[in-house]
Structure formats: C-alpha cells, structure tokens
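Student:
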Amino acid sequence: MHVTLLAGGVGGARLAHGLDLALAPGSATTGLLTVVVNVGDDVELHGLAVSPDVDTVVYTLAGRGDEERGWGLRDETYATLTALRELGEDTWFTLGDRDLATHIVRTARLRRGEPLSAVTAHLAEAMGVRARVLPVTDDRLATLVDTPAGRLGFQEYFVERQHTDTVLGLHLDGAEGARPAPGVLDALTADLVVVAPSNPFLSIEPLLAVAGVRAALTAAPGLRAAVSPIIGGRAIKGPAAEILESLGHEVSALGVARLYADLVDVMVIDERDGDLADQVAGLGLRVHVTDTVMGGPAGRERLARELLTLV
Ligand code: FO1
49 MHVTLLAGGV
59 GGARLAHGLD
69 LALAPGSATT
79 GLLTVVVNVG
89 DDVELHGLAV
99 SPDVDTVVYT
109 LAGRGDEERG
119 WGLRDETYAT
129 LTALRELGED
139 TWFTLGDRDL
149 ATHIVRTARL
159 RRGEPLSAVT
169 AHLAEAMGVR
179 ARVLPVTDDR
189 LATLVDTPAG
199 RLGFQEYFVE
209 RQHTDTVLGL
219 HLDGAEGARP
229 APGVLDALTA
239 DLVVVAPSNP
249 FLSIEPLLAV
259 AGVRAALTAA
269 PGLRAAVSPI
279 IGGRAIKGPA
289 AEILESLGHE
299 VSALGVARLY
309 ADLVDVMVID
319 ERDGDLADQV
329 AGLGLRVHVT
339 DTVMGGPAGR
349 ERLARELLTL
359 V
C-alpha cells in the first residue's frame, strides 16, 4: 500500500512514526510511506538554514527525536549555544550541538546548489529513515503571522514570543511562486492520503498553498482522511485552539472538519468528541471515532493501523 501523510511538526511526526511502524516489512500491510512536510516555519539562524518541521519528522522517524519536547534530538548538549550567547548572539531558539550538525550540512549543500528535497533525502538516508520525507517545495515559502504587535516571522511568533500574540491572519510569503518539490504531486495519488493532526493554519495551509497541491488533493484517486488536532475543544500541543478561535472558527473537531470538508473523505475524531460524530457526518464526511492521542510508539502504531483499515 502507498500512504502519504501531509504533516507539520510534532503531531505529524508522531503519526508518521506510527505509519512507518504499521507499514514496516513483516507487518500485515506493508508499503511505502511518503511524508510531505511543511517548510513555512523554516528560519535562518546564525547563518544556518533551519527546517524545524522537516527535522522533527526525520528525527522522529529515525528514532532519535527528543520524545518529551517533540522536537530536536535526544541526549543533546548545548556547548555551541552557550558559546554563541557569550559572543553576544540571540539564543532564544534552542539549537543543540548535534542538531547544529544537521543545519551545517543542510546549509553547505544548499549553498552548493542542491535543492532542499535532495538535501532532506540525504539527511534522512544518513539517519536510517525508511520513509520518503519530502519538503512540500524547494522554493522559498515563509509563514508570516499578523498579530496586534504587527507582522511576525513564524519562529518569532512561535518560539521567541511563545505564541502568546493573538493571530489576526496569516500571510504565506512566496506561496504564489512556490512549486511542489519533485514527487509531491505524485505522492497524492497514493492509496491513502492522510492529513496529520497538525495545526490546520500553521502547518497544513502552507502545504495546500503550494501550486497544484490543493487541486491534487481535491482530485486524489485514493482515500483521503484527516485526523483532528482538536480533542475536547483543546489542542494536544501548540496554539491550534487559540487560532481557530481568533480566526472565527468553532474550536472543536467539528470546526476542523468544516475546514477540511471539501478535501477529505473521512474525518477521524477522538472518542471524547463522539457526540460530534453526527454533525461531522452532516458535512458529507465519513466519520471514524477512536482514541487519537498518540502516546508512545504503540499508540502511534495503533492509530496508524486503524487508518490503514479505512481504505
Ligand atoms: N520549539 C520551541 O518551542 N522552542 C525552541 O527553542 C525550539 C527549538 C527548535 C530547534 C530545532 C528544531 O528542529 C525545532 C525547534 N523547535 C523549538 C520547534 C519548532 O519551533 C517548530 O517549528 C514548531 O514546533 C512548529 O512546528
């Protein structure tokens, strides 16, 4: 079976890990997993090209991610960051020593003219990742966040200011000219395309904004499912609930289902939201109600296996 996951950072990476385990050689359903990842949160720091969502997916699939934080590498040290601080650099973005090696390699290869997709393939292979990890575009695409304090860069909003500003709107800088990276549109012809329980505005919208992606998902020949990132009116992680609210949407799995109603066939909602199932079905969607909280690898694999049975 061919499965494609549209993913942002932490939530996307956890489901990617579950799907990778569920499709592994020797399992009941073997297959190829492609993860198409957001790059709207990419940022240049200390002269280095950092792709946080791409790295979160790669590190998690490699089994090297810091599971507690959800991002970065496990067992990190911070000698370089300390030295940078002593040299007067801003160090609000926590870059570990080993993580910095990733950004050094990425920056060097990009400078030599390699596209981000090729660099990502190299990094994923070097870390022993079986799945194909594709940044949605090799072109520049930057998510900018409009707030009462003005327009902020994504990581300025998310990490430096700890997503405390009210989000009034989003601007996807470069989206008009961004073309899908090689393999992205083809990946949407998979047997199953899953929209991860990532932030619909910060993580999924930048994927859909790349030329041809929304149309390819709308016309996808396989089964399309989305997993709600909102459970019981709250997000597991991050500001999804606050952004739904400030942009005028209902803060619930139903509110998320309304955003995706024209793009997917099945909406997967948590058992705590079972009372919303009829209203979600009323949007013309199939509804699958289950435990969507992915704790450790076993929970991720269980949810992934349930997704595979939807096909
Ligand atoms: N998120 C934080 O909240 N604080 C950080 O200091 C931080 C550092 C960081 C370093 C490398 C990396 O790959 C991700 C990192 N993240 C950090 C997560 C990152 O900001 C993601 O873009 C968001 O979680 C949105 O997906």
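Residue numbers (my numbering): 49 to 359. Glycine included, every Cβ here is placed at the ideal spot set by N, Cα and C.
Short of 8 angstroms in beta carbon distance, which residues of its chain neighbour Arg112, apart from the five on each side in sequence? Order them along the chain.
Tutor: Leu121, Arg122, Met175
Student: Under 7 angstroms from any heavy atom of the ligand FO1, does the C-beta of Asp147 make it?
Tutor: Correct: Asp147 has its Cβ closer than 7 angstroms to the ligand FO1.
Student: Quick one: what does DSSP say Glu162 is sitting in, helix, strand or coil?
Tutor: coil
Student: Considering Cα atoms alone, identify which of Gly57, Gly74, Leu80, Gly56 is closest to Leu67.
Tutor: Leu80
Student: Evaluate Gln203 with the Cβ neighbour count: other Cβ atoms within 10 Å of its Cβ, from every protein chain shown; 16 or more gives buried, anything less gives exposed.
Tutor: Flag for Gln203 reads buried.
Student: Below 6 angstroms CB to CB, which residues in the same chain sit around Arg272 once its five sequence neighbours on both sides are set aside?
Tutor: Val241, Val312, Asp313
Student: Identify whether Thr77 lies in helix, strand or coil by the three-state DSSP scheme.
Tutor: In the three-state DSSP reduction, Thr77 falls in the coil class, being neither helix nor strand.
Student: Would you check if there are 3 or more beta carbon pairs closer than 8 angstroms linking the segment 279-298 to the segment 252-260?
Tutor: no
Student: Compare the Cα-Cα distances from Leu265 to each of Ile279, Ser75, Val58, Pro228 and report the closest residue.
Tutor: Measuring from the Cα of Leu265, the nearest candidate turns out to be Pro228.
Student: If we require 4 or more residues per run, which alpha helix (DSSP H) segments fall completely within the segment 249-330?
Tutor: 253-256, 261-266, 288-294, 301-308, 325-329
Student: Tell me which residues share the same chain as Leu233 and place their Cβ nearer than 6 angstroms to its Cβ, disregarding the 5 neighbours each side in the sequence.
Tutor: Gly260, Ala264
Student: Spatial neighbours of Ala110 within its chain, please: CB distance less than 7 angstroms, with the 5 preceding and 5 following residues excluded, ordered by chain position.
Tutor: Met175, Gly176, Val177
Student: Excluding the 5 residues preceding and the 5 following Thr78 in the sequence, name in chain order all residues of the same chain whose CB lies nearer than 8 angstroms to its CB.
Tutor: For Thr78, where only same-chain residues beyond five positions count, the Cβ hits under 8 angstroms are Met49, Leu71, Ala72.
Student: The ligand FO1 heavy atoms versus the CB of Gln327: any closer than 7 angstroms?
Tutor: no
Student: Does the Cβ of Asp213 have 16 or more other Cβ atoms within 10 Å, making it buried, or fewer, making it exposed?
Tutor: buried
Student: Just to confirm, are Val328 and Met315 a CB contact at a threshold of 8 angstroms?
Tutor: Result yes, Cβ atoms of Val328 and Met315 sit closer than 8 angstroms.
Student: Please give me, in chain order, every unbroken run of the alpha helix (DSSP H) with length at least 4 that falls completely inside the segment 61-119.
Tutor: 100-109
Student: Would you say the beta carbon of Val207 comes nearer than 7 angstroms to a heavy atom of the ligand FO1?
Tutor: yes
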